[in-house]
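**Q** Numbering (our numbering), first residue to last: 1188 to 1817. What follows is a single structure, and I will ask about it in a moment.
Written as structure tokens, this is what we have:
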């Protein structure tokens, strides 16, 4: 029989489709099963509109058969089938979609899903098959036809025999090569896994003959039961996905079991978000907020994204574009009839439907987290312990572009409440006339609480937010303001909690001691300034910083695995009301060399308070021993 050429512009188009559009060979089964589902949908729809079509809707199904000896994989449906012209038009022309034509011409009812859109999916079969045979008999016809092709060389169509209406797609699987083990597609376990992965929610049963071991009534000579291997027909797919079921019919146990089975997490999630959106764009989604971070969450190996489906058929295992990075901990599925199976990753990034869905999901996730924060604080604290840094990174990444979306979700330890609080909660109880949100940074809450500057600010009655993560200070710098209140580091040089009279008195003291401070700075060149302060209550000295880089930032950035040498502009501040201030003034008048030694010891003390290493420990140790011996 003479072969017919494909009607596409060139053979190169098929080669491009097979080798470029689909880089993952295993999706061929998804495409063919989707075509089979379409064929059944068409017959189902026609039976609703044509009284002459009488079918048993309960017996609409797809069957899979494996013949290892002949290396064939057969997918059979009892859908509408195709006549000779349809075989030629639908399979003989690349990018010709019978499903799309049917959808446009018949405008099927809402509950009839037509998955195929572009007619290219069928040809993915040639990624794994040396040749493909399609035997089809249209419903109501007495004639059947066989379409055969080995790929780009063309195809043949001839009359054949078939007892029932519907279509058989017979794939003759390629021989194994050094690079590819095509025999995997003749293994029932692998085929079952592919069906569960990609086609688990096709609305018709997908049946396959599988081997199972059963206990018989017989026993062996030792009295042990005898088992035998039998072949049974098993329905592989789940049919109706959980996310499409009515919420009222789903128990908490159902939700938790689905989460555990789908995402391999055996700790219950903290929250679920089950949504069905209708309107211009329709989609179902079922999202989960985990109770803990995966072991690789904060590593480059972690891959974010939701499972993306079109009418119950998996398009993508992890669609990163559905969730922003700051919500990358969310797990779940999204299913939309407005997306097509053949969409590529590149097209997804520009897809208007996907962007609209992503925006809707983002709003739902934020609302669920806010509700958890207000109504189930214990759960939120557990969530926050696991994912706080992810939210904080989201604030300062992209130059703070998303800060307004996330700022109400972050929390810090409060000096007043002795618990984690939100920025909103802090602002709700500020003092009259307070114009700043005060914070302090350190390794732990206890260490921050012992900072000299913290004691003074607390004595003024101000609440302080304690920041124990190195990223916290970057967050405040990015936010800049919250409810028109600026953030103020209590360890900054420009901290202002004094009255005008107190400031004027301090300026006079510093002016009078300028020459003394200049001499002290010569002994400790690491500081940019030495000055008196009224910010300290009982402590003799502290370090403050001047500029964008604080002392805590210096520690954090230099601890990173890079060749950093970040320096904060440090200011040595001396309590003007402490006995040490009088001692320094005396030494300046009587023994300037001794003054320099004192300056070094005081600076070392201030560094230790801040958690910084002493750069000249031997010298400082000798000086302290010298003074102790006097």
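Where a beta carbon is used, it is the ideal one built from N, C-alpha and C, also for glycine.
Rounded to whole angstroms, what is the Cα-Cα separation between residue 1550 and residue 1475?
**A** 14 angstroms
**Q** Here's the rule I'm using: 16 or more other beta-carbon atoms within 10 Å means buried, otherwise exposed. How should residue 1720 be labelled?
**A** buried
**Q** Could you check whether residue 1658 and residue 1579 sit closer than 8 angstroms to each other, using their CB atoms as the reference points?
**A** yes
**Q** How about residue 1506 and residue 1519: are their beta carbons less than 8 angstroms apart?
**A** no
**Q** By Cβ distance below 6 angstroms, which residues in the same chain neighbour residue 1765 in space, the five residues on each side in sequence not counted?
**A** 1727
**Q** Which runs of the alpha helix (DSSP H) spanning at least 4 residues fall entirely within the stretch 1565-1615, listed in chain order?
**A** Restricting attention to alpha helix (DSSP H) runs no shorter than 4 residues, the stretch 1565-1615 encloses them at 1590-1593, 1610-1614, ordered along the chain.
**Q** Could you pull out every residue in the same chain whose Cβ sits closer than 7 angstroms to the Cβ of residue 1661, ignoring the five residues on either side in sequence?
**A** 1583
**Q** Going by DSSP in three states, residue 1386 sits in which element: helix, strand or coil?
**A** Here residue 1386 carries a coil assignment [DSSP, helix/strand/coil].
**Q** What is the C-beta distance between residue 1358 and residue 1260, in whole angstroms, given that I count them as a contact (C-beta under 8 angstroms)?
**A** Residue 1358 to residue 1260, Cβ: 5 angstroms. Contact.
**Q** With distances taken Cα to Cα, identify the nearest neighbour of residue 1757 among 1786, 1649, 1679.
**A** Residue 1679 is the option with its Cα nearest to residue 1757.
**Q** Figure out for me which residue from 1589, 1569, 1684 has the closest Cα to the Cα of residue 1607.
**A** 1569
**Q** Tell me whether the stretch 1438-1453 and the stretch 1412-1421 touch, counting them as touching only if at least three CB pairs, one residue from each stretch, are closer than 8 angstroms.
**A** No contact exists between the stretch 1438-1453 and the stretch 1412-1421.
**Q** On a CA-only basis, which of 1702, 1244, 1272 is nearest residue 1343? Give me that one, please.
**A** 1272
**Q** So what's residue 1631 in DSSP terms, helix, strand or just coil?
**A** coil
**Q** The beta strand (DSSP E) with residue 1496 in it runs from where to where?
**A** For residue 1496, the uninterrupted beta strand (DSSP E) run begins and ends at 1493-1497, by DSSP.
**Q** With a Cβ-Cβ cutoff of 8 angstroms, do residue 1217 and residue 1373 count as a contact?
**A** no
**Q** Just to confirm, is the Cβ distance from residue 1783 to residue 1707 under 8 angstroms?
**A** yes
**Q** Quick one: measure Cβ to Cβ for residue 1268 and residue 1310, integer angstroms, because I've assumed they're closer than 8 angstroms.
**A** Incorrect: roughly 20 angstroms between the Cβ atoms, too far for contact.
**Q** Can you have a look at residue 1627 and say buried or exposed, based on whether 16 or more other CB atoms are within 10 angstroms of its CB?
**A** buried
**Q** What residue ranges within the stretch 1361-1428 form continuous beta strand (DSSP E) runs of no fewer than 3 residues, ordered along the chain?
**A** 1393-1406, 1412-1422
**Q** According to the Cβ coordinates, are residue 1768 and residue 1711 closer than 8 angstroms?
**A** no
**Q** Who are the Cβ neighbours of residue 1652 in its own chain at under 6 angstroms, not counting the five residues just before and after it?
**A** Taking residue 1652 as the centre and dropping the five residues before and after it, the same chain places the C-beta of 1599, 1626 closer than 6 angstroms to its C-beta, in chain order.
**Q** By Cβ distance below 6 angstroms, which residues in the same chain neighbour residue 1775 in space, the five residues on each side in sequence not counted?
**A** So the qualifying residues of the chain are 1703, 1782.
**Q** List the whole-angstrom C-beta distance separating residue 1540 from residue 1525, where the pair is believed to meet the contact cut-off of C-beta under 8 angstroms.
**A** 5 angstroms
**Q** Grab the span of the beta strand (DSSP E) containing residue 1815 for me, first residue to last.
**A** Note, residue 1815: premise wrong, no beta strand (DSSP E); alpha helix (DSSP H) at 1804-1816.
**Q** Can you tell me whether residue 1428 is buried or exposed, with buried defined as 16 or more other CB within 10 angstroms of its CB?
**A** buried
**Q** In the DSSP output, which residue or residues are listed as bridge partners for residue 1339?
**A** Paired residue(s): none; residue 1339 is not in a bridge.
**Q** Please report the distance separating the alpha-carbon of residue 1490 from that of residue 1471.
**A** Inter-residue distance for residue 1490 and residue 1471 is about 22 angstroms (C-alpha atoms, whole angstroms).
**Q** Report the residue from 1617, 1591, 1729 whose alpha carbon sits nearest the alpha carbon of residue 1642.
**A** 1729
**Q** Near residue 1801, which residues of its chain fall below 8 angstroms by C-beta distance, leaving aside the five closest residues on each side in sequence?
**A** 1791, 1794, 1795, 1807
**Q** Would you give the residue range spanned by the beta strand (DSSP E) that residue 1442 belongs to?
**A** For residue 1442, no beta strand (DSSP E) encloses it; the enclosing alpha helix (DSSP H) starts and ends at 1439-1450.
**Q** Hey, quick one: how far does the beta strand (DSSP E) through residue 1820 stretch, first residue to last?
**A** An answer regarding residue 1820 cannot be provided, because it is not within the stretch 1188 to 1817 covered by the chain.
**Q** Could you pull the DSSP bridge partners for residue 1785 from this structure?
**A** Paired residue(s): none; residue 1785 is not in a bridge.
**Q** Can you list, in chain order, the residues of its chain whose CB lies under 6 angstroms from that of residue 1567, leaving out five sequence neighbours each side?
**A** 1559, 1560
**Q** Kindly indicate which three-state DSSP category residue 1797 falls into: helix, strand or coil?
**A** Coil.
**Q** Which value, in whole angstroms, describes the spacing of the CA atoms of residue 1297 and residue 1233?
**A** For residue 1297, the predicted structure reports a pLDDT of 49, less than 50, and the residue's modelled location is therefore unreliable. A value from the coordinates is still provided. Whole-angstrom Cα-Cα distance: 14 angstroms.
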